[in-house]
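Just so you know, the sequences run in chain order A and B.
Quick note on numbering: the first sequence equals residues 45 to 355 in my numbering.
Quick note on numbering: the second sequence equals residues 45 to 355 in my numbering.
Taking it in order: structure first as structure tokens, then the write-up.
2 protein chains.
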Amino acid sequence: MTVSRALKTPERVSADTLQRVRDAVARTGYVSNGLAGGLRSARTLLVAALVPALRSHLYDATIESLGAALAADGYHLLLGQTEHSPQQEEDLVRAVLGRRPDGIVITGVRHSKGTRALLLASGIPVVELNDWTPTPIDMLVGFSHEQMGRDACGYLADKGHRRLAVIATDNERSQRRTESFVAAAKARRLTTPPVHVLSASTLHGGGRAGLAALLEHGPIDAVYCGSDMVALGVLTEARARGIEVPGTLAVLGSGDLDFAASTSPSLSSVRVDFARVGTLAARCITDRVAGNDGADTLVDVGFTIVERESA
Amino acid sequence: MTVSRALKTPERVSADTLQRVRDAVARTGYVSNGLAGGLRSARTLLVAALVPALRSHLYDATIESLGAALAADGYHLLLGQTEHSPQQEEDLVRAVLGRRPDGIVITGVRHSKGTRALLLASGIPVVELNDWTPTPIDMLVGFSHEQMGRDACGYLADKGHRRLAVIATDNERSQRRTESFVAAAKARRLTTPPVHVLSASTLHGGGRAGLAALLEHGPIDAVYCGSDMVALGVLTEARARGIEVPGTLAVLGSGDLDFAASTSPSLSSVRVDFARVGTLAARCITDRVAGNDGADTLVDVGFTIVERESA
DNA sequence: GTGAAAGCGCTAACAC
DNA sequence: GTGTTAGCGCTTTCAC
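Shown next, in the form of structure tokens:
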């Protein structure tokens, strides 16, 4: 008991005792067993984060800042990939809950009934990420994909572009963005935008191929791309074809990645502050664990359209 | 005890018992407590991975495949960021060992004495990553940065380029690559290559600025870049200045990222199979846990120089 | 195929 | 400021 105190609350132990404990720890290489501690105290200082996949690079900034913010409070991050499969997500949630994390961060707001039930029953803080719903499982840090698609369309239309097009990626949230982009175009009585969906992981090459495919169906004035890398591919293909950007073709990317500002022409992009998403998610959980209930538990981080040369 | 068997080794329980257990689990929402199980059995199905930082994107592919390969065997991945600080690395190792992981994966081969001691004393499988030494702590999956710098220089020199230059990033391994590039150039009696070191995180912009800075010191024939994104920035800056690539300036990137094949001109790049690094590291640990000692515990994954248009 | 006993290494709770 | 007791929820071991 005294050793436990010396290590966890050194101020509650005499200087002499503390020294003797530390000497012994150094001499023996003792490392406290967190499993036993967690079992007894019901606090593990563990937070699990579940993302669809790392390879999309969509979650890098979020995971980086989430991990860093948690580490600052002594928490560790357990990372799981659901591979966009609801079943795999549910299995992973179950397995991860077995480790009794102090909180869980999970991408999206559309989960299987089983996943919701498990999460609700666990009683731990849950933060859903990067989507929007008025009825989250618990807390939510995200933004509306419908609004994003609509605003992207509005931005391009307001610039005077009539013949719009979309190059999207193959997942549920991207699909909702695209649908709302198309709906917004219809509402403005524009030509129905043709949509090219990329299934592959080669984003830049997909952007090149996507523009080529879209042009076969007729001329277009502007393309909305699901990622900046795709937009960069579009820029490259346009240059290869002698199409002027933004003169003849406007290009709008997503993500505002580091290179967007320094390409030529520089890339206009829909920006989400993903690092902030991670930091906020971490705070949601640490605050709740610390007993500060209430507060902002539904945060819309929003997005901004960063205007540069390409659109 | 019967419940434990039903869940972990269903084949050793009667069909009737199994059914009753499963019914009860479903009815009550029972999730087995992995802390208690790990405490008793001394197996946690947890593997920790420590990387300098995620924001460099250098470890994305490795972590992705490491996590996926581990998940296939029922393991979970605990992710920690050391921020390039040996002290932070040591603290993190200590904290993580407290969770009694079944294995640990750690980037690099240069660690503090304390880190080595902790790892050695832990008795668990340790895999060091993405560097090379004849004397690893335990197992090693990596490659030689010295050889990479040397070969990059050889590649460019063999193409007939005399005035070489380097744009490197600001970390220890990159520095060793650069030093061996410069040494190789000297050995070939070429002009000592000027080196531009990027401290920032904006890789593409850094590439543009880096080329501009190098050109102020005089003309160059070829640039070796520490990342493909930097190389892409160099390509952009060269185009803006009317410098022909590869005619006047050859550009060699690193990483062979997805866009390298479809830029214009396409990018020659030093490629490392980072996904394989992750898969191999996972296997090192799962094999060892399963009792299959020996085998390949020092794997040189090597690298290849992918020849495309830019060099 | 099932069950009883014991203990993994901590910390909450309570003495003193 | 330090110590005693008990128990967190599993799984190892042994018995039947």
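Every residue gets a Cβ at the ideal spot worked out from N, C-alpha and C, and that includes glycine.
Closer than 8 Å by C-beta to residue i: which residues in its own chain qualify, once you throw out the five before and the five after it? Chain order, please.
| i | result |
| --- | --- |
| A/R220 | H189, E190 and G193 |
| B/A50 | V57, T61, L62, V65 and R66 |
| A/S310 | A304, R352, E353 and S354 |
| B/T236 | V226, A229 and K230 |
| A/L83 | none |
| A/F187 | N174, D175, W176, V316, D344, V345, G346 and F347 |
| B/S313 | D272, A275, L296, G297, S298, G299, D300, L301, A304, I349, V350 and R352 |
Quick check on residue i: buried or exposed, where buried means 16 or more other Cβ atoms within 10 Å of its Cβ?
| i | result |
| --- | --- |
| A/R71 | exposed |
| A/L89 | buried |
| A/D344 | exposed |
| A/G299 | buried |
| A/P290 | buried |
| B/H261 | exposed |
| B/S218 | buried |
| A/M45 | exposed |
| B/E172 | buried |
| A/Y74 | exposed |
| B/A68 | exposed |
| A/G322 | buried |
| B/E108 | buried |
| A/P54 | exposed |
| B/R233 | exposed |
| B/G118 | exposed |
| B/R285 | exposed |
| B/S48 | exposed |
| B/S306 | buried |
| A/G81 | buried |
| B/G204 | exposed |
| B/T330 | buried |
| A/T179 | exposed |
| A/A13 | Since the first residue of chain A shown is 45 and the last is 355, residue 13 of chain A is not available in this structure. |
| B/G335 | exposed |
Considering only DSSP beta bridges, list what residue i is partnered with.
| i | result |
| --- | --- |
| A/M192 | Beta-bridge pairing links A/M192 to no other residue. |
| A/T235 | In the DSSP output, where bridge partners are listed per residue, A/T235 has none listed. |
| B/G147 | B/V91 |
| B/H240 | B/I211 |
| A/T348 | A/R315 |
| B/G186 | B/D344 |
| B/L173 | B/T151 and B/V185 |
Between which residues of its own chain and residue i is the CB-CB distance below 7 Å, once the five residues before and five after are set aside?
| i | result |
| --- | --- |
| B/P145 | T88, L90, V91, A92, L122 and I168 |
| A/S76 | L51 |
| B/L164 | I181 |
| B/G270 | I211, A212, T213, S218 and S298 |
| B/S245 | R99 |
| B/C328 | P169, V171, M183, V185 and T341 |
| B/G111 | L121 |
If I measure Cβ to Cβ from residue i and keep anything under 6 Å in the same chain, skipping five residues before and after, which residues do I get?
| i | result |
| --- | --- |
| B/S156 | P130 and E134 |
| A/S166 | L141 |
| A/V333 | D146 |
| B/T177 | V153 |
| B/T341 | M183 |
| A/Y103 | V95 |
| B/A113 | T323 and A326 |
| B/A105 | F318 and A319 |
| A/S224 | E190, G193 and R194 |
Does the beta carbon of residue i fall short of 7 Å from some heavy atom of the ligand ZN?
| i | result |
| --- | --- |
| B/A93 | What this structure holds is no ligand at all, so the ligand ZN is not there to describe. |
Taking three-plus beta-carbon pairs below 8 Å as touching, is the stretch 89-100 of chain A in contact with the stretch 120-128 of chain A? yes
In chain order, which continuous runs of the beta strand (DSSP E) of length 3 or greater are located wholly inside the stretch 261-329 of chain A? 266-269, 294-298 and 312-315
Segments assigned alpha helix (DSSP H), at least 4 residues, entirely inside the stretch 88-134 of chain A: 104-116
For the 8 Å Cβ check, are there 3 or more pairs between the stretch 208-217 of chain A and the stretch 249-269 of chain B? no
Determine contact between the stretch 239-252 of chain A and the stretch 280-287 of chain A, defined as no fewer than three beta-carbon pairs at a distance below 8 Å. yes
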